[in-house]
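Student: So the sequence shown is numbered by my numbering: it starts at 499 and just counts up by one. Here's a structure for you.
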Amino acid sequence: MRILMVGLDNSGKTTIVLKINGEDTSVISPTLGFNIKTIGYTLNIWDVGGQKTIRSYWRNYFEQTDGLVWVVDSSDLRRLDDCRYELHNLLKEERLSGASLLIFANKQDIQGALSPDEIANVLNLEAMDNSRHWRIVGCSAYTGEGLLEGFDWLVQDVASRIYMLD
Ligand SMILES: Nc1nc2c(ncn2[C@@H]2O[C@H](COP(=O)(O)OP(=O)(O)O)[C@@H](O)[C@H]2O)c(=O)[nH]1
Ligand SMILES: [Mg+2]
């Protein structure tokens, strides 16, 4: 299973991965009944936006991507327009059209952070293609809240499409 984690720089991608890797208990899936690390997955991480975007290079990964994780800094209100633009831009990629999309509304521990519903509104998620499998989950890479719920959904959604587990 190949997962691509993307978002503006500073959204919390590295912190999420450190939290997941540091806490074994946080990755045991209650619905699937196994640790997502044991099923074997590859995770690539990419900062988008500004000059860090090297899209031609990252295109090589798109073809093999089963699950896409888009990470949002829910407290960074000034960059939400950039965030929406970059997300919809990425979703135009033909080769990502089959990927399940998990949106992490991260940094929910910060006072004043927008809720997942508010983030969904601002990012105009309802405007996405009907065929897209997607879900938004509020999380905090600091407390770990929401991380399991999000990855659990993603892994299960991908598994049901690709590996036909039941
Ligand atoms: N309060 C809070 N800070 C966070 C959270 N996740 C990440 N950060 C902080 O946000 C900054 C950017 O995080 P980082 O993981 O480097 O973002 P990346 O550029 O997307 O990899 C760092 O200072 C992190 O400590 C979170 O859930 N809550
Ligand atoms: Mg990083």
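Cβ atoms here follow ideal geometry from the backbone N, Cα and C, with glycine treated the same way. This structure is a prediction, so every number in the text was calculated from the model and none was measured.
Taking only heavy atoms of ligand 1 into account, decide whether any of them is closer than 8 angstroms to the Cβ of Q562.
Tutor: Taking the first residue of the sequence shown as position 1, residue 562 is located at position 64. Checking every heavy atom of ligand 1 against the Cβ of Q562, none is found closer than 8 angstroms.
Student: Taking all protein chains shown into account, do 16 or more other C-beta atoms lie within 10 angstroms of the C-beta of N587, making it buried, or fewer, making it exposed?
Tutor: The residue you call residue 587 lines up with position 89 of the sequence shown. Exposed, since its Cβ has fewer than 16 Cβ neighbours within 10 Å.
Student: Going by CA-CA distance only, name the one from R659, E591, Q562 and A611 that's closest to S573.
Tutor: The count along the sequence shown starts at 1 and reaches residue 573 at position 75. Considering only alpha carbons, the answer is A611.
Student: Quick one: is G644 buried, meaning 16 or more other Cβ sit within 10 Å of its Cβ, or exposed?
Tutor: Numbered from its first residue, the sequence shown carries residue 644 at position 146. So G644 ends up on the buried side.
Student: Considering only heavy atoms of ligand 2, does any lie closer than 8 angstroms to the CB of T512?
Tutor: As a first step, residue 512 is located in the sequence shown; it is residue number 14 there, counting from the start. Correct: T512 has its Cβ closer than 8 angstroms to ligand 2.
Student: Please go through the region 590-647 and give each complete beta strand (DSSP E) segment of 3 or more residues, from N-terminal end onward.
Tutor: 598-604 and 632-636
Student: By a C-beta neighbour count over all protein chains shown, 10 Å radius and 16 as the cutoff for buried, is E584 buried or exposed?
Tutor: By one-based count along the sequence shown, residue 584 stands at place 86. Answer is buried; the Cβ neighbour count reaches 16.
Student: In chain order, which beta strand (DSSP E) runs of at least 3 residues are fully inside the region 546-581?
Tutor: 565-571
Student: Is I543 near ligand 2, judged by its Cβ being under 8 angstroms from some heavy atom?
Tutor: In the sequence shown, residue 543 corresponds to position 45, counting from 1. Yes, ligand 2 has a heavy atom inside 8 angstroms of this Cβ.
Student: Pull up the CB-CB distance for G565 and A597, whole angstroms please, since I reckon it's below 8 angstroms.
Tutor: Position 67 of the sequence shown, counted from the first residue, corresponds to residue 565. Position 99 of the sequence shown, counted from the first residue, corresponds to residue 597. About 6 angstroms; that satisfies the 8 angstroms criterion.
Student: For the alpha helix (DSSP H) that G510 lies in, which residues bound it at each end?
Tutor: Indexing the sequence shown from 1 puts residue 510 at position 12. Counting along the chain, G510 falls outside any alpha helix (DSSP H), and DSSP gives it neither H nor E.
Student: Given the structure, does D507 come close to ligand 2, in the sense that its CB is under 8 angstroms from one of the ligand's heavy atoms?
Tutor: Counting from 1 along the sequence shown, the entry for residue 507 is found at position 9. It does: the Cβ of D507 is within 8 angstroms (strictly closer) of some heavy atom of ligand 2.
Student: Taking 6 angstroms as the limit between beta carbons, can you name the residues of its chain near P614, skipping five residues before and five after?
Tutor: If you number the sequence shown from 1, residue 614 lands on position 116. Same-chain partners within the cutoff: A603, I634 and G636.
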